[in-house]
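What follows is a set of notes on a single structure, which appears directly below.
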Amino acid sequence: MQPSVSVIIPVYNIEKHLEKCLDSVIGQTLKDIEIIVVNDGSTDNSLDIITQYARKDSRIVIVDKPNEGLAYARKSGIEAAHGKYVQHLDGDDFLEPDACELLFKRAEETDADIVIMRFLIDSPRGQKEPPFWTQDEYNNISAIHTMAHEDYRWNLVFLFQRRDLHAVPIDYLQNLTYGEDAYQSIQIAYRSKKIVTLRDKPLYHYVIRESSVTQTGMTRKKTENVLLFPNLIETFLEGTPENRQFTEDIVYIRFRAYFLLLLKNWREGMTERCRFMAESLAKYPALEQLEEVRRFTKLIRLYARCPWLGKLYTNYYVHKGKIKA
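Residues in the sequence shown are numbered from 5 upward in steps of one, following the working numbering.
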């Protein structure tokens, strides 16, 4: 008998957090689920913990593979899944007890391909709930437009989805270590006919550990990825029959990637990127409505007109802690 939901959990060296994640899934009020745990080449005790849980719960399926990164771990989980729907869950995050039940019910009642849920961010600095999608229903075009224009976390948008959206595998890039969620989300959104929201309450806990909070700065590899993923999204969207409807979305996505590098103070190529952002602000004034962008529009325009003065003001922002050096 086909499970209602396959919960896919990629795991890599998270032994300290894994039990809380697994307990939250085993304790789901919807019992008709399969739990696919993908051990992505962990070198700590993660696999031992998974094995112990699997001995106690027959719903747990272990996929043990060499380390290839999050995207390929999720891909392996989807290939092993049998559920009508899949629920993605990172191994250091956890679900509310009735998450799968409420999401499954919403999907079945609305015949939706994707259900977007509210979530909480749990960090050493406290707990907060980010802004949520404003409409009850979207099609593929309006969903992509919303993703590009709003301050939503792309890695937490389309976590509950109909499994047959993956009947034709989406494009995964093994070496894309930043922006892979955005690239995959765009592809999945485009394949969807109907996307709905579930407003009842937050169902997913996104956990930010202390080590993640204290990591700042950009490596060259990460910078290359930040610059690459807008190109991948642009190529994908321009290859669709509706490509003209995505012109503004592509600009927004590239703008936000460049803006991230500004906030991280990655100066190589800064002048050219700020010129692009200044031109984008002039053409699409609504960009200034993005909360973070609003504080830095003067710096962007200044950098575009006079790079040396822009660098001077950037140093000032770094000193004030508004930009991470």
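In this text, a Cβ means the ideal position worked out from N, Cα and C, and glycines have one as well.
Please state whether the Cβ-Cβ distance between residue i and residue j is less than 9 Å.
i, j, result
"ARG110", "VAL200", "yes"
"TYR208", "ASP27", "no"
"LEU124", "PRO206", "yes"
"ILE118", "LYS198", "yes"
"SER164", "TYR210", "Reading off the sequence shown, one finds Phe at residue 164, where the question assumed Ser. Cβ atoms of PHE164 and TYR210: not closer than 9 Å."
"LEU106", "LEU202", "yes"
"GLU72", "ASP44", "yes"
"PHE240", "VAL297", "no"
"ILE190", "ILE148", "yes"
"ASP204", "ARG271", "no"
Determine the burial state of residue i: buried for a count of at least 16 other Cβ atoms within 10 Å of its Cβ, exposed for fewer.
i, result
"VAL217", "Bear in mind that the predicted position of VAL217 carries a pLDDT of just 41, short of 50, making it unreliable; the figure below should be weighed with that in mind. Exposed, by the Cβ-count rule."
"THR47", "exposed"
"MET151", "buried"
"ASP155", "exposed"
"GLY130", "exposed"
"ASP70", "A quick correction: the sequence has Pro, not Asp, at residue 70. Classification of PRO70: exposed, given that the 10 Å Cβ count is below 16."
"GLN32", "buried"
"THR251", "exposed"
Whose C-beta lies closer than 6 Å to the C-beta of residue i among residues of the same chain, with five residues either side of it excluded?
i, result
"VAL42", "PRO14, VAL67, ALA77, SER80, GLY81"
Which same chain residues, not among the five before or five after residue i, have their C-beta less than 8 Å away from its C-beta?
i, result
"ILE212", "ILE125, ASP126, SER127, PRO128"
"SER8", "LEU34, ASP36, ILE37, GLY87, LYS88, TYR89, CYS104, PHE108"
"GLY314", "MET274, THR275, CYS278, LEU303, LEU306, TYR307, ALA308"
"GLN6", "HIS86, GLY87, LYS88"
Let me check understanding here. Comparing Cα to Cα, which of the options lies closest to residue i?
i, options, result
"TYR142", "LYS268, ILE120, ARG305", "ILE120"
"ILE192", "ARG203, LEU202, ASP204, ARG167", "ARG167"
"ALA116", "ILE40, PHE162, ALA85", "PHE162"
"TYR187", "GLU272, TRP312, ALA261, GLU246", "ALA261"
"PRO135", "SER146, LEU160, THR114, GLU113", "LEU160"
"PRO245", "ARG195, VAL172, TRP137", "ARG195"
Grab me the residues of residue i's own chain with a C-beta within less than 7 Å of its C-beta, minus the 5 sequence neighbours each way, in chain order.
i, result
"GLU19", "ASP48, ASN49, SER50, ILE53"
Any chance you could list the beta strand (DSSP E) runs of at least 3 consecutive residues sitting entirely within the stretch 182–217, in chain order?
-> Within the stretch 182–217, the complete beta strand (DSSP E) runs of at least 3 residues are 199–211.
Runs of alpha helix (DSSP H) wholly within the stretch 257–329 (minimum 4 residues, chain order) = Correct list: 274–287, 295–298, 301–309, 311–323.
Inside the stretch 52–86 only - beta strand (DSSP E) runs reaching at least 3 residues | Fully contained in the stretch 52–86 are the following beta strand (DSSP E) runs of length 3 or more, in chain order: 64–69.
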